[in-house]
């Protein structure tokens, strides 16, 4: 079948609008996904474009907006977009990963229907299938506070987004072939800022004024450090949480993390280097952009400022210094800290250890010894239609086994409204970064060595920052508290994208026996059905 006609699409959107409760504003977007030639590092590559753009267009929204995005897949292969950090309250059907959604077939379109419910902050979107992320298809998301909701800093004179990330010169299809053949990828070839290499971006500011910079690491493999020559950065927000406004001369941004900083143009009227470089790598890759004063008298003076390279303790101490601003409002008028997360008893502890086993002669990656393999039917779809044999609950243990790795479509069972402690344990010499779809969680502890029950004595139970992605340092652990308040099938994954692709992920099924639309939205009327669900009917909205 071909694309849906504009009239049918419009009629569907009207149905959606009448089905969503409330009178919150609607924002309608239409995206066309294509391949196109890009030269981010001076070498011609096949990139993924959205409406002809690389990176894709930025999503601008306000808390509680309904965002309707009609995505036309003009690629010759299936495609999905996921929304990193957008929590999809009661609505994992819109998550855009293969565990929850059948892909958009070539030549077809799918309309994502999302409400940015009770969220603010800085996020991004990306393509989730077939190693497409290495070809582009990503873009920034800004969710602003509603009018009259106080923000803990004066309105900035401007708002810039920096999508930073490592990059390969090889096409994504070549990288995918390497991984499919059982080998790991070599180190990335460089670092990009907003899809461009060194000196490819200029950000113009007026002397004496203050600007907001939203920085997201959209890369594949490496943590990054950012600094601005002659200027400091005041941290104000991470992934939807206002923070204590600490001042940093440079800031580590780990895979899939986003930060907002304020920068005041308080230096002489010149141009200054914005520098982004890799962390914890044997070879340091660096790229630059320009902070340009509108009345600048000349180019940057001197060399770009150096930054940290392999110093783990430096980064760990910085991570511990990032705290929740308990007096600031979140998306609603009440202060962020009005929910005393540290006074709630956890109902379950889940320990997750990453590993790098060789299975059947091929390099794989695993969680608690289980290397995830996709099923022939998305897990959420199979669960909804009660299709047997697609997955088994409890197919990943709650604790590390330290045994040999094995392949499994791994799904962990959990109960709605439980309050869990999750400990990410890293016994390798590599940097890790973990993301949980559908949720924000409190990072209560980070430390080196092996976690034990005694480690809880040093947890931050008062003002730990809430976010959706947590780093785990080499030979270290990170602990989070998370209320299971969002029913659905949610992806827990490594943000090191080769590791994710080769199995370092699983799904958390958060279940409510009420089976009520109050707890979870029904399957969308426009959902594609594939695998063992092909030929079935979706329920109307």
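In mature numbering (1 follows the signal peptide of the UniProt record, and there is no 0), the protein residues as written are -22 to -1, 1 to 519. By construction, the Cβ of each residue, glycine as well, lies at the ideal position given by its N, Cα and C atoms.
Residue i to residue j, Cα distance in whole Å?
| i | j | result |
| --- | --- | --- |
| residue 78 | residue 505 | 11 Å |
| residue 563 | residue 123 | Limits of the chain in this structure are -22 at one end and 519 at the other, which puts residue 563 out of reach. |
| residue 432 | residue 423 | 12 Å |
| residue 336 | residue 312 | 50 Å |
| residue 69 | residue 426 | 36 Å |
| residue 263 | residue 143 | 11 Å |
| residue 163 | residue 2 | 45 Å |
| residue 203 | residue 247 | 25 Å |
| residue 173 | residue 19 | 9 Å |
| residue 559 | residue 327 | The structure shown does not extend to residue 559, since the chain spans only -22 to 519, so no value can be given for it. |
| residue 224 | residue 240 | 10 Å |
| residue 352 | residue 54 | 21 Å |
| residue 84 | residue 331 | 37 Å |
| residue 175 | residue 146 | 12 Å |
| residue 503 | residue 393 | 27 Å |
| residue 297 | residue 397 | 24 Å |
| residue 197 | residue 232 | 9 Å |
| residue 59 | residue 494 | 27 Å |
| residue 413 | residue 150 | 22 Å |
| residue 509 | residue 338 | 26 Å |
| residue 104 | residue 116 | 4 Å |
| residue 166 | residue 469 | 26 Å |
| residue 346 | residue 329 | 8 Å |
| residue 88 | residue 61 | 15 Å |
| residue 259 | residue 243 | 32 Å |
| residue 190 | residue 139 | 8 Å |
| residue 120 | residue 318 | 27 Å |
| residue 438 | residue 216 | 17 Å |
| residue 325 | residue 255 | 41 Å |
| residue 463 | residue 489 | 10 Å |
| residue 210 | residue 182 | 17 Å |
Classify residue i as buried or exposed, calling it buried when 16 or more other Cβ atoms lie within 10 Å of its own Cβ.
| i | result |
| --- | --- |
| residue 267 | buried |
| residue 395 | exposed |
| residue 155 | exposed |
| residue 366 | exposed |
| residue 93 | buried |
| residue 358 | buried |
| residue -9 | Any reading at residue -9 needs caution, since the residue's pLDDT is 43, under 50, leaving its predicted position unreliable; the model's value is listed next. Exposed: under 16 other Cβ atoms inside 10 Å. |
| residue 44 | buried |
| residue 261 | exposed |
| residue 161 | exposed |
| residue 252 | buried |
| residue 50 | buried |
| residue 180 | exposed |
| residue 499 | buried |
| residue 305 | exposed |
| residue 17 | exposed |
| residue 480 | buried |
| residue 436 | exposed |
| residue 34 | buried |
| residue 323 | exposed |
Cutting at 6 Å between CB atoms, please list the residues of its own chain near residue i, excluding the five before and the five after it.
| i | result |
| --- | --- |
| residue 194 | 102, 141, 236 |
| residue 388 | 348, 350, 373, 374, 484 |
| residue 511 | 355, 359, 363 |
| residue 457 | 401, 422, 423 |
| residue 82 | 51, 57, 88 |
| residue 321 | none |
| residue 475 | 111, 198 |
Could you check where the beta strand (DSSP E) with residue i kicks off and where it finishes?
| i | result |
| --- | --- |
| residue 486 | 483 to 489 |
| residue 93 | 87 to 93 |
| residue 170 | 168 to 171 |
Leaving out five residues on either side along the sequence, give the residues of the same chain with a beta carbon under 7 Å from the beta carbon of residue i.
| i | result |
| --- | --- |
| residue 501 | 71, 362, 516, 517 |
| residue 514 | 363, 507 |
| residue 302 | 219, 221, 314, 315, 441, 442, 443, 444 |
| residue 371 | 389, 391, 487 |
| residue 467 | 70, 77, 78, 357, 358, 361, 485, 487 |
What is the residue span of the alpha helix (DSSP H) that residue i lies within?
| i | result |
| --- | --- |
| residue 295 | 290 to 299 |
| residue 152 | 150 to 158 |
| residue 205 | From DSSP, residue 205 is part of no alpha helix (DSSP H) but of the beta strand (DSSP E) over 202 to 206. |
| residue 331 | Segment 326 to 333 is the beta strand (DSSP E) holding residue 331; no alpha helix (DSSP H) there. |
| residue 477 | 475 to 479 |
Enumerate in chain order the residues of its own chain whose CB-to-CB distance from residue i is below 8 Å, with the five nearest sequence positions on each side excluded.
| i | result |
| --- | --- |
| residue 294 | 424, 425, 426, 451, 454 |
| residue 130 | 214, 220, 223, 303, 305, 306, 307 |
Could you say if the stretch 71 to 88 and the stretch 110 to 120 meet the contact criterion of at least three C-beta pairs nearer than 8 Å? no
Is the stretch 60 to 67 close to the stretch 404 to 422, with three or more CB pairs under 8 Å? yes
May I ask you to verify whether the stretch 439 to 447 touches the stretch 35 to 45, counting CB pairs closer than 8 Å and requiring at least 3? no
Touching by the beta-carbon criterion (3+ pairs, under 8 Å), the stretch 373 to 387 and the stretch 301 to 311: no
Decide yes or no for the touch test of the stretch 219 to 238 against the stretch 271 to 280: beta carbon pairs closer than 8 Å, at least 3 of them. no
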